[in-house]
Amino acid sequence: MEIKSAEFIISNTEIEKCPAPNKPEFAFIGRSNVGKSSLINMITGRKELAKISSTPGKTQTINHFLINQAWYLVDLPGYGYASVSKSIKQNWVTMIDSYFAGRENLYCTFVLIDSRLDPQANDIEFIKRLGSHGIPIALVLTKTDKLKQSELGKSKNKIEKRLLEDWAELPPLFITSAEKKSGRNSLLDFIDNAIISNR
Ligand code: GTP
Ligand code: MG
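All you need for my numbering is the position in the sequence shown, starting with 1, plus 6.
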């Protein structure tokens with residue numbers, strides 16, 4: 007898929023203020039600092055579409071971007087960020103839950119996982135929650151430029167082995183690096199196919 011246009015639409019904390027759910031939507035979520043915003047910029051080829059920071063907890067709202075006038079891409083706040091207060095954390099959980107419960111146009115949620123880390127309890131937990139809501143997911147390993155090929159293979163095996171403890175089938179998995187701009191075509195092809203096959 008060629009990205010002809012990518013525009014920021016709205017940033018908000020309330021599901022009611024999200025754009026009307028009349029176009030296919032793809033959301034990006036994962037732990038704080040995993041590289042969600044960087045990945046969005048990489049796949050859209052727009053350097054500053056989503057805001058990036060080396061400090062975790064940068065994205066705190068639901069951010070809608072309209073791509074090719076045809077589908078929405080959504081940047082969500084990260085989960086598992088230790089340094090915010092309990093009440094803020096609870097607000098985020100409520101916001102994210104209502105997002106997942108309320109977007110009937112959500113085709114797929116990309117769960118980003120840091121390729122350098124062993125499977126993290128909160129990632130596994132989050133994937134389970136999405137599964138129980140019946141939301142289709144795909145996994146995206148991020149920051150793979152930081153790993154050797156052999157290490158990456160091991161990481162992928164570990165996460166898949168862990169998921170097979172809970173699920174009979176593995177979700178699609180993408181290997182990416184925003185730094186090296188790798189994984190872009192496979193991700194965009196996947197989105198393209200999802201849109202076409204749901205038409
Ligand atoms: P929050 O919005 O805080 O939840 O974070 P996020 O998941 O959106 O992460 P963000 O894209 O802001 O990136 C966090 C940090 O990781 C930044 O310092 C990025 O430069 C860095 N980073 C993101 N992607 C990559 C990558 O592919 N490779 C490397 N080496 N660094 C990356
Ligand atoms: Mg972000």
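In this text, a Cβ means the ideal position worked out from N, Cα and C, and glycines have one as well. None of these values were measured; they are calculated from a predicted model.
Excluding the 5 residues flanking residue i on each side, which residues of the same chain have their C-beta closer than 6 Å to its C-beta?
i, result
"LYS29", "TRP77 and TYR78"
"ARG52", "ALA12"
"PRO177", "ILE143, ALA144 and LEU145"
"ILE16", "HIS70"
Quick check on residue i: buried or exposed, where buried means 16 or more other Cβ atoms within 10 Å of its Cβ?
i, result
"ASP129", "buried"
"ALA33", "buried"
"HIS70", "buried"
"VAL99", "exposed"
"ARG205", "exposed"
"ALA184", "buried"
"GLY142", "Note on identity: in this sequence residue 142 is Pro, with Gly being the wrong assignment. Result: exposed."
"THR65", "buried"
"ILE202", "exposed"
"LEU112", "buried"
"ASP120", "buried"
"LEU170", "exposed"
"GLY159", "exposed"
"GLU157", "exposed"
"GLY189", "buried"
"THR6", "Any question about residue 6 goes unanswered here, given that the chain covers just 7 to 205."
For residue i, which residues of its own chain have a beta-carbon under 7 Å away from its beta-carbon, when the five flanking residues on both sides are left out?
i, result
"GLY86", "ARG37, SER38 and ASN128"
"GLY41", "LEU118, THR148, LYS149 and ALA184"
"GLN75", "SER11"
"ASP124", "LYS164"
"PRO27", "ARG109, GLU110 and ASN111"
Once DSSP output is grouped into helix, strand and coil, what is the label at residue i?
i, result
"GLU110", "coil"
"LEU193", "helix"
"GLU22", "helix"
"VAL80", "strand"
"VAL99", "helix"
"THR61", "coil"
"SER38", "coil"
"ILE9", "coil"
"ALA56", "coil"
"ASN5", "Because the chain in this structure spans residues 7 to 205, residue 5 falls outside the shown range and cannot be described."
"ASN28", "coil"
"SER17", "strand"
"THR50", "helix"
"SER5", "In the structure as shown, the chain starts at 7 and stops at 205, and residue 5 therefore has no counterpart that could be examined."
Quick one: residues in its chain with C-beta nearer than 8 Å to the C-beta of residue i, no 5 flanking neighbours on either side, listed in chain order?
i, result
"LEU55", "ALA12, PHE14, ILE46, ASN47 and PHE71"
"TRP173", "GLY137"
"ALA200", "PRO30, PHE32, TYR113 and CYS114"
"ASN97", "THR19"
Checklist entry - Under a criterion of Cβ closer than 5 Å to any non-hydrogen atom of the ligand MG, which residues qualify, in chain order? => result Chain-ordered, the residues whose CB falls short of 5 Å from any heavy atom of the ligand MG come out as LYS42, SER43, LYS64 and THR65.
Checklist entry - Which runs of the alpha helix (DSSP H) fall wholly inside the segment 122-183 and span at least 4 residues, in chain order? => result Assignment of alpha helix (DSSP H) within the segment 122-183, counting only whole runs of 4 or more residues, yields 127-138 and 155-170 in chain order.
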